[in-house]
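Just so you know, the protein sequences line up as chains A and B, in that order. Following the numbering used here, the numbering of the first sequence begins with 2 at its first residue and continues without gaps. Following the numbering used here, the numbering of the second sequence begins with 2 at its first residue and continues without gaps. Structure first, commentary second.
2 protein chains.
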Amino acid sequence: MPLIARIERALTTHLEHLDSPNAPPKLIKAIHHAVFPGGARIRPQLCMAVALACGDDAPELTDAASAAIEMMHCASLVHDDMPCFDDASTRRGQLAVHKAYGEPLALLSGDALIVQAFLCLVRVKHIHLERSMELMRVVADSVGAPNGIVAGQAWECESRVDLGEYQRAKTGALFVASTCAGAIASGADPQAWRGLGEALGEAYQVADDIHDVMGDAQQLGKPVGQDAQHGRPSATAALGLTGAIKYFERLIQRAVESIPAGPGQNSMQILVQKESERLVPRQVIAHSLALSS
Amino acid sequence: MPLIARIERALTTHLEHLDSPNAPPKLIKAIHHAVFPGGARIRPQLCMAVALACGDDAPELTDAASAAIEMMHCASLVHDDMPCFDDASTRRGQLAVHKAYGEPLALLSGDALIVQAFLCLVRVKHIHLERSMELMRVVADSVGAPNGIVAGQAWECESRVDLGEYQRAKTGALFVASTCAGAIASGADPQAWRGLGEALGEAYQVADDIHDVMGDAQQLGKPVGQDAQHGRPSATAALGLTGAIKYFERLIQRAVESIPAGPGQNSMQILVQKESERLVPRQVIAHSLALSS
Numbered sequence: 002m003p004l005i006a007r008i009e010r011a012l013t014t015h016l017e018h019l020d021s022p023n024a025p026p027k028l029i030k031a032i033h034h035a036v037f038p039g040g041a042r043i044r045p046q047l048c049m050a051v052a053l054a055c056g057d058d059a060p061e062l063t064d065a066a067s068a069a070i071e072m073m074h075c076a077s078l079v080h081d082d083m084p085c086f087d088d089a090s091t092r093r094g095q096l097a098v099h100k101a102y103g104e105p106l107a108l109l110s111g112d113a114l115i116v117q118a119f120l121c122l123v124r125v126k127h128i129h130l131e132r133s134m135e136l137m138r139v140v141a142d143s144v145g146a147p148n149g150i151v152a153g154q155a156w157e158c159e160s161r162v163d164l165g166e167y168q169r170a171k172t173g174a175l176f177v178a179s180t181c182a183g184a185i186a187s188g189a190d191p192q193a194w195r196g197l198g199e200a201l202g203e204a205y206q207v208a209d210d211i212h213d214v215m216g217d218a219q220q221l222g223k224p225v226g227q228d229a230q231h232g233r234p235s236a237t238a239a240l241g242l243t244g245a246i247k248y249f250e251r252l253i254q255r256a257v258e259s260i261p262a263g264p265g266q267n268s269m270q271i272l273v274q275k276e277s278e279r280l281v282p283r284q285v286i287a288h289s290l291a292l293s294s
Numbered sequence: 002m003p004l005i006a007r008i009e010r011a012l013t014t015h016l017e018h019l020d021s022p023n024a025p026p027k028l029i030k031a032i033h034h035a036v037f038p039g040g041a042r043i044r045p046q047l048c049m050a051v052a053l054a055c056g057d058d059a060p061e062l063t064d065a066a067s068a069a070i071e072m073m074h075c076a077s078l079v080h081d082d083m084p085c086f087d088d089a090s091t092r093r094g095q096l097a098v099h100k101a102y103g104e105p106l107a108l109l110s111g112d113a114l115i116v117q118a119f120l121c122l123v124r125v126k127h128i129h130l131e132r133s134m135e136l137m138r139v140v141a142d143s144v145g146a147p148n149g150i151v152a153g154q155a156w157e158c159e160s161r162v163d164l165g166e167y168q169r170a171k172t173g174a175l176f177v178a179s180t181c182a183g184a185i186a187s188g189a190d191p192q193a194w195r196g197l198g199e200a201l202g203e204a205y206q207v208a209d210d211i212h213d214v215m216g217d218a219q220q221l222g223k224p225v226g227q228d229a230q231h232g233r234p235s236a237t238a239a240l241g242l243t244g245a246i247k248y249f250e251r252l253i254q255r256a257v258e259s260i261p262a263g264p265g266q267n268s269m270q271i272l273v274q275k276e277s278e279r280l281v282p283r284q285v286i287a288h289s290l291a292l293s294s
């Protein structure tokens, strides 16, 4: 089964618990709106690809970890789009949750998704209790304070911000959790896969900064120019557009080189290169480098 | 050690992980503002009292569960006070988090507290992995959808609401989780303690409705008249003030009778009676019943 189909199935399965006659119907709809249709699902893809490279001997745990990570990501998008942050009207090419269902249900569906993410890991058959517990620790650390997504977003409320710290928390942490979780789900050492998550996470954030400057809102599925508008630190502000593109290329190179030797090395390198092309197409890089030379 | 001192110590210990030089300082301050000083800490008191009645053979787990439950409660208060819900300016006698730190940090500190609650249970020494996992399930179910606090708050966004369903989710669920978690932390059967949590949860909600009609904002530490102002279903709206007070008395009686026989029965009955007097003082009951007779 292709990774993306397996991810959609895992998400659907782990959200089925919400379909209760006792549940408030609009909340359940808002949660589904936040999760489907998805974006690139790059974080759960990474988690599953690493798990497969490590043998994937507990596929239900891999599915649960991948679903949990994507739910955390979706929760962060829903809250980030709210009026008190980006006040973004669109996300993934459709109305943002707060625009479709109102602010109260946007806030609550984000909260529910955070809790649901943990429930994915709690409800899976517990053949490997230690792995489940370690997965929860890794996912929780990557979302909460002091070093996860929430801390990353909170840096936007500080007057003095370290760009690296901000990006590591806001974007990098969940990428690192994705690669580490794939390893943990399969009983492998997560440290060997940390470097891949770190390099890809930073590459993804730099790509996002690049798109925010030069992107097409329709293609991106969300508004552009948000960083400058909100005075947020960004790689393009720090390095210029060409500098940011060069830095992105170096990060992808670092990601490829960090992949541990083994049976999954080749397919993982292909996934990283494909993702790199999707994030910043080669023609954009060539065009930018030609202009700067 | 008195329960309340043990709870404050558990909360302090489990929030120490946030004090990192890499953490955004305002977020950490906002989280502390949300948790300290506390209200009556009735949920963690219930959890600890049940654990003690069941032998409390894993006190670190009891502490972690109690801290997790109180953090979930604090998170729900922070989000509930935000402008898109109650828009309340005060809480526990001080500024609400969104008034003291702004909406973005209120939203994020609530998110961080939800994650931190799970981390309490993940970080505790894992002598009893099955108990930890079961505690996470019980706490998560009581906060998320379809039956937890988040679902309860989401009923406020529906045009047709069942009062019982709404109150069971918004308030009852975390009370049930509190008594059940105390039993689980000590390796006892949570079902025997479910009735106590249900009766007290409903009593607490009814008392809150009573205070919202007749309360003193300063004594309550938060604004009054919120239910009528927001058109929310309430026991006083359904039964009238005297009817609500009589119903409260029956619920306290049911709570007392539900306490399982055993070494902790007597001290638990005293705790329930003390809490009942704190929630709706006897003079209020006597005055109301005199008026209605």
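Virtual Cβ for every residue (Gly too), placed ideally from N, Cα, C.
List the residues of chain A that residue i touches, going by C-beta distances under 7 Å, in chain order.
i, result
"B/His127", "Met134"
DSSP has residue i in a bridge; who is on the other side?
i, result
"A/Thr91", "A/Leu96"
Name the chain A residues whose beta carbon is nearer than 8 Å to that of residue i?
i, result
"B/Glu159", "Pro25, Pro26 and Lys27"
"B/Pro105", "Cys85, Phe86, Gln154, Ala155, Glu157 and Cys158"
"B/Leu130", "Leu130, Glu131 and Met134"
"B/Ile32", "Ala146"
Going by C-alpha distance, which of the options is nearest residue i?
i, options, result
"B/Met72", "B/Thr172, B/Arg132 and B/Arg42", "B/Arg42"
"A/Ala31", "A/Ser133, A/Ala291 and A/Gly103", "A/Gly103"
"B/Lys27", "A/Pro105, A/Ala68 and A/Trp156", "A/Trp156"
"A/Asp64", "A/Leu252, A/Val79, A/Leu47 and A/Ser77", "A/Leu47"
"B/Ala287", "B/Ile70, B/Phe249 and B/Ser268", "B/Phe249"
"B/Cys121", "B/Leu252, B/Leu106, B/Ser110 and B/Met137", "B/Met137"
"A/Met215", "A/Glu199, A/Val285 and A/Ala50", "A/Val285"
"B/Val207", "B/Leu280, B/Ala184 and B/Ala89", "B/Leu280"
"A/Gly165", "A/Glu199, A/Thr14 and A/Thr13", "A/Glu199"
"A/Ala118", "A/Pro282, A/Val140 and A/Phe37", "A/Val140"
"A/Ile128", "A/Asp88, A/Ala59 and A/His18", "A/Ala59"
"A/Ser143", "A/Lys100, A/Val225, A/Arg44 and A/His99", "A/Arg44"
"A/Cys55", "A/Pro234, A/Pro191 and A/Ser259", "A/Pro191"
"B/Val225", "B/Thr91, B/Gln154, B/Asn148 and B/Ser289", "B/Thr91"
"A/Cys75", "A/Thr172, A/Pro261, A/Ala24 and A/Ala184", "A/Thr172"
"B/Val151", "B/Arg161, B/Leu175 and B/Arg132", "B/Leu175"
"A/Ser187", "A/Glu159, A/Glu135 and A/Gly196", "A/Glu135"
"A/Gly82", "A/Gly111, A/Glu203, A/Asp57 and A/Ala68", "The displayed chain sequence assigns Asp, not Gly, to residue 82 of chain A. A/Asp82 has its Cα closest to that of A/Gly111, out of A/Gly111, A/Glu203, A/Asp57 and A/Ala68."
"B/Glu159", "A/Ser67, A/Ile29 and A/Ala262", "A/Ile29"
"B/Tyr205", "B/Ile253, B/Val51 and B/Pro84", "B/Ile253"
"A/Ala262", "A/Ala193, A/Gln154, A/Val79 and A/Gly241", "A/Ala193"
Chain B partners of residue i, CB-CB under 9 Å?
i, result
"A/Ile70", "Near A/Ile70 there are no residues of chain B at all, since even the closest Cβ is about 13 Å away, more than 9 Å."
"A/Leu62", "In chain order: nothing, as chain B lies at least about 13 Å away."
"A/Ile211", "The premise fails here: A/Ile211 is roughly 25 Å from chain B at the closest Cβ pair, so nothing lies under 9 Å."
Identify each residue in the segment 182 to 194 of chain B for which the Cβ-Cβ distance to at least one residue of chain A is less than 8 Å, and report them in chain order.
-> none
Chain-ordered residues of the segment 75 to 87 of chain A with a beta carbon less than 9 Å from chain B | Ala76, Ser77, His80, Met83, Pro84, Cys85 and Phe86
Against chain B: residues of the segment 228 to 242 of chain A by CB proximity under 8 Å = none
Compile a chain-ordered list of the residues in the segment 138 to 166 of chain B whose CB is closer than 8 Å to at least one CB of chain A.
-> Arg138, Ala141, Asp142, Val144, Gly145, Ala146, Pro147, Asn148, Gly149, Val151, Ala152, Gln154, Ala155, Trp156, Glu157, Cys158, Glu159 and Glu166
Residues of the segment 109 to 127 of chain A whose Cβ lies closer than 9 Å to any Cβ of chain B, in chain order = Leu109, Ser110, Gly111, Asp112, Ala113, Leu114, Ile115, Val116, Gln117, Phe119, Leu120, Leu122, Val123, Arg124 and His127
Proximal residues, the segment 88 to 103 of chain A versus chain B, C-beta separation under 9 Å = His99, Tyr102 and Gly103
Positions along the segment 8 to 25 of chain A whose CB lies within less than 7 Å of some CB in chain B | Leu19, Ser21, Asn23, Ala24 and Pro25
Within the segment 108 to 156 of chain B, ranges of the alpha helix (DSSP H) (whole runs, at least 4 residues) = 130 to 144 and 150 to 156
Go through the segment 40 to 97 of chain A residue by residue and report every complete run of the alpha helix (DSSP H) that reaches 4 residues or more, in order.
-> 43 to 54 and 60 to 81
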